Amino acid sequence: MTRQGSLGFAFAAALLGLCLSGCAVIGDVSAVGDPMLSHLAERLEADAWTVDPGWSVERAETGDRWRFGDGNTNGSDTSSAERLLTLAARGGKAGRNAAILAARGDAKVPPTVLETLERIVANETTAAEAISVGSVTERLRATFNSKPPSEPVVTPNERAAAAEAWCHALASTAESIDAALDRPARLWRRADLPDGVKAELARGLARHIAPERIVGYDALLPGDPTTIHVELRRAAVEGCILFAAAKEEAPFDAGEWPAALENARFDPDASVRRLYGRWLAVAQHPEAIARLEVQQRDSNPTVAIASVRSLGLIRTDEARDVLRKVAAKPAETLRNSAVEALAAWGVDEIKPYLKDESPIVRRTAVTSLGRWESPQAAILLDGVLADADLDVQRRAVKATETWSDDVALPVLLAALQNASVRTRRESLDELRRRTGFEESFPVSAEPAERAAALQSLCVTHGWPTGRLTGFRLATTDAATKVIVPPSEDVLANLTRLDAPDVDTTTRDALLDALRTSESSAVPAIEEFCQTHPGRTADLLASEVLPAISPAHAALKELASEDVAIRRHGAGKLAELGRAATLSPFVLRRLNNVLTREQDGLVWRQCMAAVAADGTAGAERIALMAANNAWPDVRRLGCEYAGRHCRTGHAAWLLPLLTDGNDAVRLAAIDAAGRCANSVAIGNESGPAGSPTGLRAAAADPNRTIRFAALIALARLGDESGSLGLLRWAEYESPAERTKAIRAIGDTGRRRFESDLMRLAWTERDESVRRELLTALETLVPAAQRPVGALATSAEDRLAAWAARWEARSASSTISAAPAGS
Numbered sequence: 006m007t008r009q010g011s012l013g014f015a016f017a018a019a020l021l022g023l024c025l026s027g028c029a030v031i032g033d034v035s036a037v038g039d040p041m042l043s044h045l046a047e048r049l050e051a052d053a054w055t056v057d058p059g060w061s062v063e064r065a066e067t068g069d070r071w072r073f074g075d076g077n078t079n080g081s082d083t084s085s086a087e088r089l090l091t092l093a094a095r096g097g098k099a100g101r102n103a104a105i106l107a108a109r110g111d112a113k114v115p116p117t118v119l120e121t122l123e124r125i126v127a128n129e130t131t132a133a134e135a136i137s138v139g140s141v142t143e144r145l146r147a148t149f150n151s152k153p154p155s156e157p158v159v160t161p162n163e164r165a166a167a168a169e170a171w172c173h174a175l176a177s178t179a180e181s182i183d184a185a186l187d188r189p190a191r192l193w194r195r196a197d198l199p200d201g202v203k204a205e206l207a208r209g210l211a212r213h214i215a216p217e218r219i220v221g222y223d224a225l226l227p228g229d230p231t232t233i234h235v236e237l238r239r240a241a242v243e244g245c246i247l248f249a250a251a252k253e254e255a256p257f258d259a260g261e262w263p264a265a266l267e268n269a270r271f272d273p274d275a276s277v278r279r280l281y282g283r284w285l286a287v288a289q290h291p292e293a294i295a296r297l298e299v300q301q302r303d304s305n306p307t308v309a310i311a312s313v314r315s316l317g318l319i320r321t322d323e324a325r326d327v328l329r330k331v332a333a334k335p336a337e338t339l340r341n342s343a344v345e346a347l348a349a350w351g352v353d354e355i356k357p358y359l360k361d362e363s364p365i366v367r368r369t370a371v372t373s374l375g376r377w378e379s380p381q382a383a384i385l386l387d388g389v390l391a392d393a394d395l396d397v398q399r400r401a402v403k404a405t406e407t408w409s410d411d412v413a414l415p416v417l418l419a420a421l422q423n424a425s426v427r428t429r430r431e432s433l434d435e436l437r438r439r440t441g442f443e444e445s446f447p448v449s450a451e452p453a454e455r456a457a458a459l460q461s462l463c464v465t466h467g468w469p470t471g472r473l474t475g476f477r478l479a480t481t482d483a484a485t486k487v488i489v490p491p492s493e494d495v496l497a498n499l500t501r502l503d504a505p506d507v508d509t510t511t512r513d514a515l516l517d518a519l520r521t522s523e524s525s526a527v528p529a530i531e532e533f534c535q536t537h538p539g540r541t542a543d544l545l546a547s548e549v550l551p552a553i554s555p556a557h558a559a560l561k562e563l564a565s566e567d568v569a570i571r572r573h574g575a576g577k578l579a580e581l582g583r584a585a586t587l588s589p590f591v592l593r594r595l596n597n598v599l600t601r602e603q604d605g606l607v608w609r610q611c612m613a614a615v616a617a618d619g620t621a622g623a624e625r626i627a628l629m630a631a632n633n634a635w636p637d638v639r640r641l642g643c644e645y646a647g648r649h650c651r652t653g654h655a656a657w658l659l660p661l662l663t664d665g666n667d668a669v670r671l672a673a674i675d676a677a678g679r680c681a682n683s684v685a686i687g688n689e690s691g692p693a694g695s696p697t698g699l700r701a702a703a704a705d706p707n708r709t710i711r712f713a714a715l716i717a718l719a720r721l722g723d724e725s726g727s728l729g730l731l732r733w734a735e736y737e738s739p740a741e742r743t744k745a746i747r748a749i750g751d752t753g754r755r756r757f758e759s760d761l762m763r764l765a766w767t768e769r770d771e772s773v774r775r776e777l778l779t780a781l782e783t784l785v786p787a788a789q790r791p792v793g794a795l796a797t798s799a800e801d802r803l804a805a806w807a808a809r810w811e812a813r814s815a816s817s818t819i820s821a822a823p824a825g826s
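In terms of my numbering, the sequence shown is residues 6 to 826.
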């Protein structure tokens, strides 16, 4: 056969095969009978991956960094997820995009989708594979394309989006994070990866693994920043922030961060320096406040402003004092940022700036009040409705958007009476949105006419009148330490509501009356619910308390089937829990809600709400978290135990010492070392002949686990763990020796003092010697340190410690000598 004939035959064969393939797929689609599937496939044929403009590392947990098209294509519901998996199995561009979208939810991702994601990130999809099934013409065009079949066809954006989804999917259901992310950790070190893909893998890995443990991470922040693209340097610091944020309020651990991260402090790129400042605050770096004060003088104003905002993340009195000083400075931009940061401490910190001479500062103060739904905040908003700056007035209305009707309606009604015309219109719109009322209102009328119309509306719809006056009285009582008991009407209504013969009409009227109660009635209603369990208590918890209590309103959102609403409620509860201890009744209801909760982010927010709470109710929630199916949640339960350091926690920490997830094991080991209970130490030989407890962890093949266990054993006074930690400090690499010495200092045990002095005497590495001196100063009280310990140079300080050690050794020798010798 001639060459032309061969080519013609090949063409015909290819045409026939592709036509049959196309017909098969078309038949498959019609068999399914799902027009939504066809429509979705068409949408996913586009190159539509872009970075979400609303994404930032500060809000990284609330969404994905990459979005497809307008961001509305996702697999959040079951039917959408099934369609995406169906398309992912067919391959091509639509299949690749479907695989990425399918991997972004919380459901377990099939192995085939994970393999697809890996191929996309590695760019192993070729032109011959890339054409979506459906168009025979397109497939023929690809088959006889002049391009080599191995030429990559996946865009860098698609690869980066796949990298984000791949890391998320691997980590979300994994028992061992290190094992799950091993393949991305290997792939990200490939030299041929585009910077954008490498940066996304850096973020994805660092979100779950300590950056210091990621091989090659420190190379992203070299001493000479010109040797690596700024996109990678920014991603490196963002990854550190993501890891720090995931640890919630865990104490700073220098061993988790690459030494090269310090290079970001002086990076020529302003964004890198700004991100470094945020990392200082989120990671709770011991020098965060001092370094952020230095950043306030940065030549780039965005860095200076961001440094002030970062101070608001450090919830200490020292940080608040620094912010107050900044807020008193004449520079408007810094003062404005300081006011925004001070809002984290509550309404009292915001109040002075509502009268600031700068309208920009007043606007920020008013907006910040929206974070603190309370009668006091409502009173303050009412006070700015006549502000000379119209934007201040309008922000007062907007600040109530997330508040309950009980607190928001009085402000909106006051705005209709006292604010400017434009603000009155916006207040009316918000009132209609909330209540659905449709009657006209004379927005532009004279005050007297408006007042009459308002009174009529309040009577018709049962809206509160005089509520702001009640708020003021309650606030005055609280300020003067007068406890305001619930009114007799509230107690009487509760009793009538629980009567067995109450009819439906009366019950509804009683519930309506209770919904308008003052917030001071909340404790009485909660107590009634606890002492009168049953249908009435359920009605009060679901219908009344959410109307008068922000905490119960958040609990109501947590009962929603919509995960977005539950996450909002959990976030609100976290804010409330950080500001004050939640009531026992709220904690009991939260416990009941969490028994059914499957969303990891909801759990993390709820754990943040009880993180600082040592009550029995919070402890029960932490225990439930420690037994959760999600590794991230189990880790939070362990961290709670490590924060509160109670001997009773050892019993439920012991099973977690052998958890299948390394991050959980590390948190459990750390907490066990802090619980002051020798039960956690375990035995050299248990019932099965093997070590148990922390001693078993100290013999683990995983080096990181072994090191953590030695620290925990040393904290508990176990001599074998103490000796193991000393060997680590003496014989490992300089970086590892530094980690071990720092851990010895953190144990607080004077038993190590002479050992540290011996190591300092022979140590030759300068950085290790500095760490040894720091550990000595940590262990020895200031009154017992040698005078030369305050010397500037490390050599002089070491000489002072050596002289003290020799003097003590000589004294010990003399006292131990036999009498008369």
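Quick reminder that beta carbons are idealized off the backbone N, C-alpha and C, glycines included. Please read these numbers as outputs of a predicted model, since none were measured by experiment.
Quiz prompt | Per DSSP, the bridge partner or partners of Phe257 | solution = Numbered from its first residue, the sequence shown carries residue 257 at position 252. In the DSSP output, where bridge partners are listed per residue, Phe257 has none listed.
Quiz item: Among the residues of its own chain, which have a CB less than 7 Å from the CB of Arg571, if the five just before and after it don't count?
Solution: For the purposes of this step, residue 571 is identified with residue 566 of the sequence shown, where counting begins at 1. Sequence-distant partners of Arg571 (beyond 5 residues in either direction) whose C-beta falls short of 7 Å from its own C-beta, in its chain, are Glu562, Leu563, Ser565, Asp604, Val607.
Quiz item: Is there at least one Cβ from chain D nearer than 8 Å to Glu624's Cβ?
Solution: Considering every chain present, this structure includes no chain D. It has just one protein chain.
Quiz item: Hey, Ser554 and Ser524: beta-carbon distance below 8 Å or not?
Solution: For this step, residue 554 is matched to residue 549 along the sequence shown. For this step, residue 524 is matched to residue 519 along the sequence shown. Against a cut-off of 8 Å, the Cβ pair of Ser524 and Ser554 comes out as a contact.
Exercise. Note down the Cα distance separating Thr541 from Ala518, rounded to an integer number of angstroms.
Key: Position 536 of the sequence shown, counted from the start, is the residue given in the question as residue 541. Position 513 of the sequence shown, counted from the start, is the residue given in the question as residue 518. Computed Cα separation, rounded: 15 Å.
Self-check item: Trp54 - containing beta strand (DSSP E), residue span
Solution: As a position in the sequence shown, residue 54 is number 49, starting the count at 1. Counting along the chain, the beta strand (DSSP E) containing Trp54 begins and ends at 54 to 56.
Quiz item: With C-beta atoms as the reference, is Leu658 less than 8 Å away from Ser683?
Solution: Residue 658 sits at position 653 when you count from the first residue of the sequence shown. Residue 683 sits at position 678 when you count from the first residue of the sequence shown. Taking 8 Å as the Cβ cut-off, Leu658 and Ser683 do not qualify as a contacting pair.
Quiz item: DSSP on Phe446, reduced to helix/strand/coil?
Solution: Within the sequence shown, the letter at position 441 stands for residue 446. Here Phe446 sits in coil by DSSP.
Self-check item: Helix, strand or coil at Trp810 according to DSSP, with G and I counted as helix
Solution: Taking the sequence shown and counting its residues from 1, the one referred to as residue 810 is at position 805. Three-state result, Trp810: helix.
Self-check item: Neighbourhood of Lys486 by C-beta, 8 Å cutoff - its chain only, sequence neighbours within 5 removed
Solution: By 1-based counting over the sequence shown, the position of residue 486 is 481. Since pLDDT at Lys486 reaches only 38, below the 50 mark, its modelled position is unreliable, and no value is offered.
Practice problem: With DSSP as the reference, please indicate the residues paired to Phe73 in a beta bridge. | Solution: Along the sequence shown, one-based indexing puts residue 73 at 68. BP columns for Phe73 point to Trp54.
Exercise. List the whole-angstrom C-beta distance separating Gln289 from Leu339, where the pair is believed to meet the contact cut-off of C-beta under 8 Å.
Key: As a position in the sequence shown, residue 289 is number 284, starting the count at 1. As a position in the sequence shown, residue 339 is number 334, starting the count at 1. Rounded, the Cβ-Cβ distance is 23 Å, inconsistent with contact.
Exercise. Count the other C-beta atoms from every protein chain shown that fall within 10 angstroms of the C-beta of Tyr222, then say buried if there are 16 or more, exposed otherwise.
Key: For the purposes of this step, residue 222 is taken as the residue at position 217 of the sequence shown. Buried is the call here.
Quiz prompt | Alpha-carbon spacing of Val118 relative to Asn633, whole angstroms | solution = The count along the sequence shown starts at 1 and reaches residue 118 at position 113. The count along the sequence shown starts at 1 and reaches residue 633 at position 628. Spanning the two alpha carbons is a distance of roughly 26 Å.
Exercise. Starting from Thr178, follow the alpha helix (DSSP H) in both directions and report where the run begins and ends.
Key: Here residue 178 refers to the residue found at position 173 of the sequence shown. Per DSSP, Thr178 belongs to no alpha helix (DSSP H) and is neither H nor E.
Exercise. Please specify which runs of the alpha helix (DSSP H), each continuous and at least 4 residues long, are wholly inside the segment 586 to 614, giving them in chain order.
Key: Taking only runs of at least 4 residues, the alpha helix (DSSP H) segments lying wholly in the segment 586 to 614 are 589 to 599.
Quiz item: Shortest alpha-carbon distance to Val495 belongs to which of Arg755, Arg376, Pro528?
Solution: Here residue 495 corresponds to residue number 490 of the sequence shown, with the count starting at 1. When each option's Cα is compared against that of Val495, the closest is Pro528.
Quiz item: Are at least three pairs of beta-carbons, each pair with one atom in the segment 199 to 206 and one in the segment 91 to 101, less than 8 Å apart?
Solution: No, because fewer than three Cβ pairs between the segment 199 to 206 and the segment 91 to 101 fall closer than 8 Å, the two stretches do not touch.
Quiz prompt | Presumed contact (8 Å Cβ cut-off) between Ala685 and Ala655, rounded CB distance | solution = Position 680 of the sequence shown, counting from 1, holds the residue named residue 685. Position 650 of the sequence shown, counting from 1, holds the residue named residue 655. About 5 Å; that satisfies the 8 Å criterion.
Quiz item: Looking at C-alpha atoms only, which residue of Ala453, Arg439, Ser461, Gly574 is the closest neighbour of Ser445?
Solution: Numbered from its first residue, the sequence shown carries residue 445 at position 440. Of Ala453, Arg439, Ser461, Gly574, the residue nearest in Cα terms is Ser461.
Practice problem: Please name the residue, chosen from Trp54, Gly582, Ala391, that lies closest to Ala165 on a Cα-to-Cα basis. | Solution: For the purposes of this step, residue 165 is identified with residue 160 of the sequence shown, where counting begins at 1. Nearest to Ala165 by C-alpha distance, out of Trp54, Gly582, Ala391, is Trp54.
Quiz prompt | Backbone CA spacing between Ser342 and Ala311 [nearest angstrom] | solution = Sequence index remark: in the sequence shown, residue 342 carries index 337 (1-based). Sequence index remark: in the sequence shown, residue 311 carries index 306 (1-based). Straight-line Cα distance between these residues: approximately 8 Å.
Quiz item: How about Ala167 and Val126: do their beta carbons lie closer than 8 Å?
Solution: Residue 167 sits at position 162 when you count from the first residue of the sequence shown. Residue 126 sits at position 121 when you count from the first residue of the sequence shown. Closer than 8 Å, so yes.
Quiz prompt | For Ala147, three-class secondary structure by DSSP | solution = Numbered from its first residue, the sequence shown carries residue 147 at position 142. Any reading at Ala147 needs caution, since the residue's pLDDT is 46, under 50, leaving its predicted position unreliable; the model's value is listed next. Of the three classes helix, strand and coil, the one that applies to Ala147 here is helix, per DSSP.
Quiz item: So, are the CB atoms of Asn596 and Met629 less than 8 Å apart?
Solution: Position 591 of the sequence shown, counted from the first residue, corresponds to residue 596. Position 624 of the sequence shown, counted from the first residue, corresponds to residue 629. For Asn596 and Met629, yes; Cβs fall inside 8 Å.
Quiz item: Would you call Asp187 buried or exposed, if buried means 16 or more other Cβ atoms sit within 10 Å of its Cβ?
Solution: Reading the sequence shown from its first residue, position 182 is the one you call residue 187. A residue is called buried when at least 16 other Cβ atoms come within 10 angstroms of its Cβ; Asp187 does not meet this threshold and is exposed.
Exercise. Give the straight-line distance between the Cα atoms of Asp57 and Ala383, rounded to the nearest whole angstrom.
Key: For this step, residue 57 is matched to residue 52 along the sequence shown. For this step, residue 383 is matched to residue 378 along the sequence shown. Each residue's alpha carbon lies about 35 Å from the other.
Practice problem: Please state if the CB of Leu374 and the CB of Val352 are separated by a distance shorter than 8 Å. | Solution: Reading the sequence shown from its first residue, position 347 is the one you call residue 352. Reading the sequence shown from its first residue, position 369 is the one you call residue 374. Closer than 8 Å, so yes.
Quiz item: Going by the CB atoms, is the gap between Thr369 and Val344 shorter than 8 Å?
Solution: By one-based count along the sequence shown, residue 344 stands at place 339. By one-based count along the sequence shown, residue 369 stands at place 364. Taking 8 Å as the Cβ cut-off, Val344 and Thr369 qualify as a contacting pair.
Quiz item: What's the call for Arg609, buried or exposed, on a 16-neighbour Cβ count within 10 Å?
Solution: The count along the sequence shown starts at 1 and reaches residue 609 at position 604. Buried, because 16 or more other Cβ atoms sit within 10 Å of the Cβ of Arg609.
Practice problem: Would you kindly check if the distance between the Cβ of Trp733 and the Cβ of Glu724 is under 8 Å? | Solution: By one-based count along the sequence shown, residue 724 stands at place 719. By one-based count along the sequence shown, residue 733 stands at place 728. Taking 8 Å as the cut-off, the Cβ atoms of Glu724 and Trp733 do not count as close.
Quiz item: Relative to the alpha-carbon of Gly441, which residue among Ser425, Pro452, Trp468 has its alpha-carbon at the smallest distance?
Solution: Here residue 441 refers to the residue found at position 436 when the sequence shown is read from its first residue. Per the Cα distances, Trp468.
Quiz item: For the putative contact between Ala579 and Ala614, defined by C-beta atoms under 8 Å, what is the C-beta separation to the nearest angstrom?
Solution: On the sequence shown, residue 579 is found 574 positions in, with the first residue counted as 1. On the sequence shown, residue 614 is found 609 positions in, with the first residue counted as 1. Indeed, because the Cβ distance is near 5 Å, the residues count as touching under 8 Å.
Quiz item: Do you know offhand how far Trp60's Cα is from Arg70's?
Solution: As a first step, residue 60 must be located in the sequence shown, where it is residue number 55. As a first step, residue 70 must be located in the sequence shown, where it is residue number 65. One C-alpha to the other measures close to 6 Å.
Quiz item: Whose C-beta lies closer than 6 Å to the C-beta of Ala812 among residues of the same chain, with five residues either side of it excluded?
Solution: Counted from its first residue, the sequence shown places residue 812 at position 807. Sequence-distant partners of Ala812 (beyond 5 residues in either direction) whose C-beta falls short of 6 Å from its own C-beta are missing from its chain.
Quiz item: Apart from the five residues just before and just after Phe257, which ones in its own chain have a Cβ nearer than 7 Å to its Cβ?
Solution: For the purposes of this step, residue 257 is taken as the residue at position 252 of the sequence shown. The beta carbon of Phe257 sits closer than 7 Å to the beta carbons of Ala288, Gln289, His290, Pro291 from its chain, once the five residues preceding and following it are set aside; these are given in chain order.
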